[in-house]
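Chains as they are written, first to last, in our numbering: chain P, 33 to 441; chain Z, 3 to 212.
By construction, the Cβ of each residue, glycine as well, lies at the ideal position given by its N, Cα and C atoms.
The structure displayed is predicted, hence computed values, not measured ones.
Before any comments, here is the structure.
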Amino acid sequence: MIRFENVRKIYDDGFEALKKINLEIKEGELTVLIGPSGCGKSTLMKHINRLNNPTSGKIFIRGKDISSIDPTQLRRSIGYVIQNVGLFPHMNIARNVAVVPKLLKWDKENTAHKVDELLRMVNLDPDVYRYRYPSELSGGQQQRIGVIRALAADPDVILLDEPFSALDPISREQLQDELIRLQQELKKTIVFVTHDMDEAIKIADTIVLMKSGEIVQTGSPEHILRHPANEFVTSFIGKKHLTTDTLDPGLTVDDVMSVNPVTASPERGMAAAIQFMERHRVDSLIIVGKKRELLGYVSVFNVLKGYRHEDSRLGDIMKPFVHVVESGSSVALALTLMNEHGLPYVPVVRDGHLVGLVTRGSVVRHMAEIYNPDDMSLEELTAEAEKLKEETPLEPAEEEEEEEGGEHA
Amino acid sequence: MELFLRYVRENWADLLVFTGQHIMMVLIGLLLALVVGIPLGILASRNRVSARIILTLANIIQVFPSLALLVLLMVVFGLGTTTVVAGLFLYSLLPVIRNTYVGLTQVDKSIMEAGKGVGMSPLQIMLNVQLPLALPFMLTGIRIAAVIAIGVATIAPLVGGDGLGREIYSGINMNNSARLYAGAIPAAILALLADFALERLQNGTRVAGR
Numbered sequence: 033m034i035r036f037e038n039v040r041k042i043y044d045d046g047f048e049a050l051k052k053i054n055l056e057i058k059e060g061e062l063t064v065l066i067g068p069s070g071c072g073k074s075t076l077m078k079h080i081n082r083l084n085n086p087t088s089g090k091i092f093i094r095g096k097d098i099s100s101i102d103p104t105q106l107r108r109s110i111g112y113v114i115q116n117v118g119l120f121p122h123m124n125i126a127r128n129v130a131v132v133p134k135l136l137k138w139d140k141e142n143t144a145h146k147v148d149e150l151l152r153m154v155n156l157d158p159d160v161y162r163y164r165y166p167s168e169l170s171g172g173q174q175q176r177i178g179v180i181r182a183l184a185a186d187p188d189v190i191l192l193d194e195p196f197s198a199l200d201p202i203s204r205e206q207l208q209d210e211l212i213r214l215q216q217e218l219k220k221t222i223v224f225v226t227h228d229m230d231e232a233i234k235i236a237d238t239i240v241l242m243k244s245g246e247i248v249q250t251g252s253p254e255h256i257l258r259h260p261a262n263e264f265v266t267s268f269i270g271k272k273h274l275t276t277d278t279l280d281p282g283l284t285v286d287d288v289m290s291v292n293p294v295t296a297s298p299e300r301g302m303a304a305a306i307q308f309m310e311r312h313r314v315d316s317l318i319i320v321g322k323k324r325e326l327l328g329y330v331s332v333f334n335v336l337k338g339y340r341h342e343d344s345r346l347g348d349i350m351k352p353f354v355h356v357v358e359s360g361s362s363v364a365l366a367l368t369l370m371n372e373h374g375l376p377y378v379p380v381v382r383d384g385h386l387v388g389l390v391t392r393g394s395v396v397r398h399m400a401e402i403y404n405p406d407d408m409s410l411e412e413l414t415a416e417a418e419k420l421k422e423e424t425p426l427e428p429a430e431e432e433e434e435e436e437g438g439e440h441a
Numbered sequence: 003m004e005l006f007l008r009y010v011r012e013n014w015a016d017l018l019v020f021t022g023q024h025i026m027m028v029l030i031g032l033l034l035a036l037v038v039g040i041p042l043g044i045l046a047s048r049n050r051v052s053a054r055i056i057l058t059l060a061n062i063i064q065v066f067p068s069l070a071l072l073v074l075l076m077v078v079f080g081l082g083t084t085t086v087v088a089g090l091f092l093y094s095l096l097p098v099i100r101n102t103y104v105g106l107t108q109v110d111k112s113i114m115e116a117g118k119g120v121g122m123s124p125l126q127i128m129l130n131v132q133l134p135l136a137l138p139f140m141l142t143g144i145r146i147a148a149v150i151a152i153g154v155a156t157i158a159p160l161v162g163g164d165g166l167g168r169e170i171y172s173g174i175n176m177n178n179s180a181r182l183y184a185g186a187i188p189a190a191i192l193a194l195l196a197d198f199a200l201e202r203l204q205n206g207t208r209v210a211g212r
């Protein structure tokens, strides 16, 4: 669809912004140009609508050399969204959206119809927003208008230059989701410039990674994550993307379980059990035999019920586990079980013996180690994880007994 | 005070004529300043060199004492209203040029880039984006120019012009304070009215443009 052939750009001061770029942007795809600032990604994109012109080399759109097309005519056929939104402050929303149709001399009725349709497409009620001014809208709403302005004349190609980078994280996520949705509906050829790898991975069909005026690697997000071409790509992708990607399939319950769950012997009495729970700040106990063979569990409610009988023991009131996982099985299995049956935790067993416990807290702690953004010390992390564990009380899942066909040890 | 009121009552028709002449001189001078000044302001906003030349020239005109300027013009145009109008035109030029220039150059670069990016020609960017956004600034210039012009126009009689200045100078020469006031007070009111009206207009454009 869009083809760059040996495109070089040298500025008047001798700075070489682009070094022999060869690139094919596929029709109907969302291509993300990404790289550190100053890598030439914006410069490259602005060559498409001739806001920049190459020093040497050619650019073709649908096989046509764009240097033969009048720049203003070309730009009217290409949607363009800039980082600072660039809405015209003296025009209301309807006029802003209608800028290109007006330049193309569409008739009024057609234009008004299109404006309303586009506003609805991004969930802004035309009757409410049509006559508002840009300054009356939030940043996220303004950029929605920026995006639909680019769509107004139904261009095949849309260029977005870091469109969401000035927005707060929540608006940014929303707009990314909306862009993905719009793209599924409209199937435009979109070129999107960003420096945010998370954004690229989320929205891109193809990622073009650039560094100092050159293309370092091109491929699908999956391909780039799995097979980074060199050190630079690895470092640019960042630790967290690589670790999640490489660990995910092989991660076992043994990696994430906590190895010292709060256990009790079936011989214990009720009062002792309550004291024990209080001390360890849990609301259920796992009952194990002398050789740590898994017997069952009691919840604080079971204990309170049995409290009246002074001679009752934990072994009398405990309930068997319906769901356990074998040591060595994948974390995904444990998480699925917990998720489907609403379990607060799943015991990990080997030959019927308890070796650990997968809890929400232990999973989160493990994630924190991978995602640890500020390189917190292990103590801080553990403290954080413990806090999380406490905030997720070990509630007994009553429906466990009703569940049938669960996995037994 | 009583004298003044009686004078006004007896000569209101003449005063009205003088006021009309005064307004006409100011309007023509101002209009000429707009016709010449706005294009010069646009030209100045295009590049640094033209900005320096144009703004310096306009500044030089502005620092000329008004009486000296009128006398100089009188050498060219002779006694009469033409000289006054030419003077008012030159005096109004700087506020118009400078505020047009400032208004155009303060327009956000990203908005200009957006205009270019959606496919506006340079002329369309000027007409649809830059000038509308510069309008509040330009109106400030016109407002300043109008008030200055109304004041300067009162010395018109010294170079053979008409207007409210006639009453003022007659008042001074004949030591008739009633007459002096009959010229000065309407001139002051005129300046205040012009200022007020243009301010309203300016606020109107601000609300629409925000």
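Tell me the rounded alpha-carbon separation between residue i and residue j.
i, j, result
"Q105 (chain P)", "K146 (chain P)", "21 Å"
"K137 (chain P)", "A126 (chain P)", "15 Å"
"S94 (chain Z)", "G119 (chain Z)", "37 Å"
"S52 (chain Z)", "L45 (chain Z)", "7 Å"
"L160 (chain Z)", "Q204 (chain Z)", "34 Å"
"T278 (chain P)", "H398 (chain P)", "Here T278 (chain P) scores only 44 on pLDDT, less than 50, and its place in the model is too uncertain to base an answer on."
"M123 (chain P)", "P134 (chain Z)", "9 Å"
"G60 (chain P)", "P260 (chain P)", "25 Å"
"T87 (chain P)", "V154 (chain Z)", "57 Å"
"E4 (chain Z)", "L34 (chain Z)", "41 Å"
"R100 (chain Z)", "R54 (chain Z)", "11 Å"
"N85 (chain P)", "L50 (chain P)", "11 Å"
Confirm, please, whether the CB-CB distance from residue j to residue i is below 7 Å.
i, j, result
"A232 (chain P)", "I66 (chain P)", "yes"
"R181 (chain P)", "V129 (chain P)", "yes"
"V179 (chain P)", "M77 (chain P)", "no"
"L62 (chain P)", "I256 (chain P)", "no"
"M350 (chain P)", "G328 (chain P)", "yes"
"V285 (chain P)", "A184 (chain P)", "no"
"L32 (chain Z)", "A148 (chain Z)", "yes"
"V98 (chain Z)", "M27 (chain Z)", "no"
"R145 (chain Z)", "L200 (chain Z)", "yes"
"T21 (chain Z)", "P188 (chain Z)", "yes"
"G173 (chain Z)", "T156 (chain Z)", "no"
Give a yes or no on whether 7 Å exceeds the smallest Cβ distance from residue i to chain Z.
i, result
"Y43 (chain P)", "no"
"Y112 (chain P)", "yes"
"T266 (chain P)", "no"
"H5 (chain P)", "In the structure as shown, chain P starts at 33 and stops at 441, and residue 5 (chain P) therefore has no counterpart that could be examined."
"L135 (chain P)", "yes"
"I104 (chain P)", "According to the sequence as given, residue 104 (chain P) is Thr; it is not Ile. Answer yes: the Cβ-Cβ gap between T104 (chain P) and chain Z drops below 7 Å somewhere."
"R108 (chain P)", "yes"
Which residues in the same chain have their Cβ closer than 7 Å to the Cβ of residue i, if we skip the five residues on either side of it in sequence?
i, result
"S244 (chain P)", "C71"
"F6 (chain Z)", "A180, Y183, A184"
"N54 (chain P)", "F36, E37, N38"
"I57 (chain P)", "M33, I34, T63, T221, V223"
"Y171 (chain Z)", "P159"
"L81 (chain Z)", "V161, G162"
"T142 (chain Z)", "N101, Q204"
Is there a C-beta anywhere in chain P that falls below 7 Å from the one on residue i?
i, result
"I40 (chain Z)", "no"
"G121 (chain Z)", "yes"
"L135 (chain Z)", "yes"
"A151 (chain Z)", "no"
"A116 (chain Z)", "yes"
"L34 (chain Z)", "no"
Please list the partners that residue i has in chain Z, where partner means a Cβ-to-Cβ separation under 8 Å.
i, result
"L150 (chain P)", "Residues of chain Z passing the Cβ test: none, with the nearest at roughly 14 Å."
Just to make sure I have the definition right: I need the residues of chain Z whose C-beta is within less than 7 Å of the C-beta of residue i. Which are they?
i, result
"N116 (chain P)", "S112"
"F196 (chain P)", "The contacting residues do not exist; F196 (chain P) stays about 15 Å from chain Z at best."
"V131 (chain P)", "V120"
"L83 (chain P)", "K118, G119"
With a cut-off of 7 Å, does the C-beta of residue i fall near any C-beta of chain B?
i, result
"T226 (chain P)", "Considering every chain present, this structure includes no chain B. Its protein chains are P and Z."
Apart from the five residues just before and just after residue i, which ones in its own chain have a Cβ nearer than 8 Å to its Cβ?
i, result
"S167 (chain P)", "P121"
"A303 (chain P)", "Y339"
"E299 (chain P)", "R345, L346, G347"
Looking only at its own chain, which residues have a Cβ that is under 6 Å from the Cβ of residue i, when we skip the five neighbours before and after it?
i, result
"T295 (chain P)", "I318, V320"
"V189 (chain P)", "I110, T221"
"I40 (chain Z)", "T102"
For residue i, return the contacting residues in chain P, with the cut-off set at a CB-CB distance below 7 Å.
i, result
"V131 (chain Z)", "F120"
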